[in-house]
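Our numbering applies: residue 6 is where the sequence shown begins, and numbers increase by one.
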Amino acid sequence: MSEHDHPHQNHDDMIKQLKRAEGHLKSIVMLEKGRNLAATDRRKRDQQHQENLGV
6 MSEHDHPHQN HDDMIKQLKR AEGHLKSIVM LEKGRNLAAT DRRKRDQQHQ
56 ENLGV
């Protein structure tokens, strides 16, 4: 097993981690641009809820 193998991380876990990182980076970009995060957070929660429901 190489140093890059992580048997405890499956594909779904990696996707979730990357999506969290993407959301974090988007938040930083929006802060830099001075956008309103409250509305964006609400839309993000709604989108995640729909994904969890399989919509």
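The C-beta atom is built at its ideal place from N, Cα and C for all residues, glycine as well.
- Straight-line measurement puts the Cα of LEU30 at about 11 Å from the Cα of GLU37.
- Assignment of GLY28 by DSSP, reduced to helix, strand and coil, places it in the helix class.
- In the structure shown, the three-state DSSP call for GLN14 is coil.
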